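Below: one structure, written as structure tokens.
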Amino acid sequence: MPSKNDKREPILSRRQFLMKTAVTCGLAATAGTWGYVFYSKEPVSRSDRKIFTFKDFRTKAVSVYPDLSVVRGKDVEKMVRAAIDRLGGMGRFVSSGDRVLLKPNAAWDRQPEQAANTNPEVVAAVVKLCLEAKASEVWVTDVSVNDPYRCFARSGIEAAVKKAGGRLKLASENDFLPTDLKGESLKIWPVSSFYHQADKLINLPVVKHHSLSKCTAAMKNLYGSLGGQRNLLHQDINTSIAELAFAIRPTLTVMDATRVLKRNGPTGGNISDVAIENTVVAGVDVVAVETYGLRFLDLKADDVPYVGMAEKKGVGVSDLKSLNIAEEDI
471 MPSKNDKREP
481 ILSRRQFLMK
491 TAVTCGLAAT
501 AGTWGYVFYS
511 KEPVSRSDRK
521 IFTFKDFRTK
531 AVSVYPDLSV
541 VRGKDVEKMV
551 RAAIDRLGGM
561 GRFVSSGDRV
571 LLKPNAAWDR
581 QPEQAANTNP
591 EVVAAVVKLC
601 LEAKASEVWV
611 TDVSVNDPYR
621 CFARSGIEAA
631 VKKAGGRLKL
641 ASENDFLPTD
651 LKGESLKIWP
661 VSSFYHQADK
671 LINLPVVKHH
681 SLSKCTAAMK
691 NLYGSLGGQR
701 NLLHQDINTS
711 IAELAFAIRP
721 TLTVMDATRV
731 LKRNGPTGGN
741 ISDVAIENTV
751 VAGVDVVAVE
761 TYGLRFLDLK
771 ADDVPYVGMA
781 EKKGVGVSDL
791 KSLNIAEEDI
């Protein structure tokens, strides 16, 4: 487990972060200094306070490659490598010297077998591929729901990342920047500064059941970039997911469907709720990746409103029949 005295990676749980931020904002307002509301259509900020925007992390589209790559097997690293090779290899997405940020789902204090977090073997394989593509640094981050020390340790992601040569980047209270998400509902939100420092962003979701949205996978995984009162996003969860997918455009999405939490998500806990699917899905289009993942939960695109909402915003395509999908068993 990471040491809580490790000065290289200061970190707070989300509850601690929210409590400290609330106190800080209250004191700032009392003192008449600048501040901003984490969830507000009219965020308050001083005119000289910089508001950030997300860069588009996508690389140039290349039509010669499939839209989606689906690989089934039992060797996770080989599956990940094969899936990305079908898309042109990691060199298509990562250039020499790039700082690459990986965003797995590491939200929960769960073991790998419980399938609440991204399989650590998937994360490790992507770290290795990025380094082989000559990335200067490979960072791994999430804003965990449970205590992040326990989440990254118990999930196996911490050990896997370090062994593969990557680096955990876990956000402290001061690592969030006000960012314009440019949505109708989502306006200015605190976003982990690592997203503004990275050259490329690789989305590493796990597909699983969610009690509110029915599914959490490629699009909802992006919630983990945000600080602030994220529970407010659940008041209109479909709109929030679609708008966040419009705001954040990853370089690549590699979806873990090796173990799938079929029921009682997103936290899970009971092994009987987990099915072994031994599948990895990769693509640039998060809507397409998400739509493919729905089958593991016996869902279709029409069952989850956020898919159609994101498609209408131009985020991606849900009609899988219109796409070039490469499937392989290894």
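If you're matching positions, the sequence shown starts at 471 in this note's numbering and goes up one per residue. Here a beta-carbon is modelled for each residue, glycine too, at the ideal position from N, C-alpha and C. Since this is a predicted model, take the numbers as computed values, not measurements.
- If only complete runs of 3 or more residues are kept, the region 585 to 614 shows the beta strand (DSSP E) at 607 to 610, in order along the chain.
- Distance from LEU647 to PRO660 at the Cβ level is roughly 7 Å; contact confirmed, criterion being Cβ atoms closer than 8 Å.
- Remark: three or more beta-carbon pairs, one from each stretch, lie closer than 8 Å, so the region 737 to 757 and the region 782 to 800 are flagged as touching.
- DSSP places GLU628 in the helix class (H, G or I) of the three-state scheme.
- Counted as a single uninterrupted DSSP element, the stretch harbouring ARG569 is not any alpha helix (DSSP H) but the beta strand (DSSP E) occupying residues 569 to 574.
- Rounded to the nearest whole angstrom, the CA to CA distance from THR761 to ALA586 is 19 Å.
- Of THR649, ARG765, LEU702 and GLY653, the smallest CA-CA separation from VAL540 is found for ARG765.
- For PHE622, the three-state secondary structure derived from DSSP is helix.
- When the beta-carbon positions are compared, PRO574 and PRO675 come within less than 9 Å of each other.
- In the DSSP assignment, PHE664 falls within the unbroken alpha helix (DSSP H) covering 664 to 667.
- Remark: C-beta atoms of GLY635 and VAL608 approach each other more closely than 9 Å.
- Restricting attention to VAL774, GLY697 and ASP726, the CA atom closest to the CA of SER681 is found in VAL774.
- Segment contact: the region 731 to 739 against the region 658 to 673, fewer than three CB-CB distances shorter than 8 Å; contact not assigned.
- For secondary structure counted as the alpha helix (DSSP H) over 4 or more consecutive residues, the region 671 to 720 holds these complete runs in sequence order: 707 to 717.
- Per DSSP, the beta-bridge partners of MET725 are VAL751.
- The region 564 to 571 makes contact with the region 596 to 615; the number of CB pairs closer than 8 Å reaches 3 or more.
- Separation of the CB atoms of THR721 and THR529 is rounded to 6 Å, and the pair is thereby assigned contact status at 8 Å.
- At a Cβ-Cβ threshold of 9 Å, ARG580 and SER625 count as neighbours.
- Scanning its chain for C-beta atoms nearer than 8 Å, with the 5 sequence neighbours on each side dropped, one finds around ASN708 the residues SER683, VAL774, PRO775, TYR776 and MET779, in chain order.
- When the alpha-carbon of LEU702 is set against those of THR728, VAL724 and LYS657, the nearest one is in LYS657.
- Of the residues ASP617, ILE711, ASP743 and VAL724, the one whose Cα lies closest to the Cα of GLU654 is ILE711.
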